[in-house]
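What follows is a short report on a single structure.
In the numbering used here, the protein residues as written are 567 to 697.
In structure tokens:
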């Protein structure tokens, strides 16, 4: 599992609590990364969680890894949010039959993307699913 724009790590912790034993968390903000390191240690999950302090776009462009599941929860006003699906697929970091889930607000619509599968709406939060 790859958790992009990981923030406080809530999604990473949830993946681990549901049995995932290999989660990579990526965020560029020192405060978030320090918090997640501290929390992972307190929860005893350091062995399951690889914490990376990096710009998400640079990480995706440079990682040699591939993933079965990628979750991206970028800040909604991120200027280049619309480029994230193409970046994921162009860099070939999603394994065949894997899922990419992008959290965003109603200002973005990915239904015309060639890899778009479906969207789930929860008020002002939308999860777009890609394969």
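All residues carry an ideal CB built from backbone N, CA and C; glycine is no exception.
Is it true that the CB of residue j sits closer than 9 Å to the CB of residue i?
i           : j           : result
residue 696 : residue 668 : yes
residue 666 : residue 681 : yes
residue 625 : residue 651 : no
residue 663 : residue 634 : yes
residue 674 : residue 691 : no
residue 579 : residue 609 : yes
residue 567 : residue 636 : yes
residue 654 : residue 638 : yes
Can you give me the C-alpha to C-alpha distance between residue i and residue j, rounded to a whole angstrom?
i           : j           : result
residue 613 : residue 685 : 33 Å
residue 606 : residue 572 : 13 Å
residue 599 : residue 590 : 12 Å
residue 631 : residue 661 : 10 Å
residue 582 : residue 678 : 32 Å
residue 644 : residue 585 : 31 Å
residue 687 : residue 672 : 9 Å
Am I right that residue i and residue j are in contact with their C-beta atoms under 8 Å? What's the rounded C-beta distance?
i           : j           : result
residue 569 : residue 594 : 13 Å between Cβ atoms; not a contact.
residue 604 : residue 617 : Residue 604 to residue 617, Cβ: 10 Å. No contact.
residue 601 : residue 574 : 6 Å
For residue i, which of helix, strand or coil comes out of DSSP?
i           : result
residue 574 : coil
residue 601 : helix
residue 676 : coil
residue 581 : helix
Item to complete: Starting from the N-terminal side, write out each stretch of the beta strand (DSSP E) that is 3 residues or longer and does not extend beyond the region 607–670.
Response: 615–619, 633–638 and 660–670
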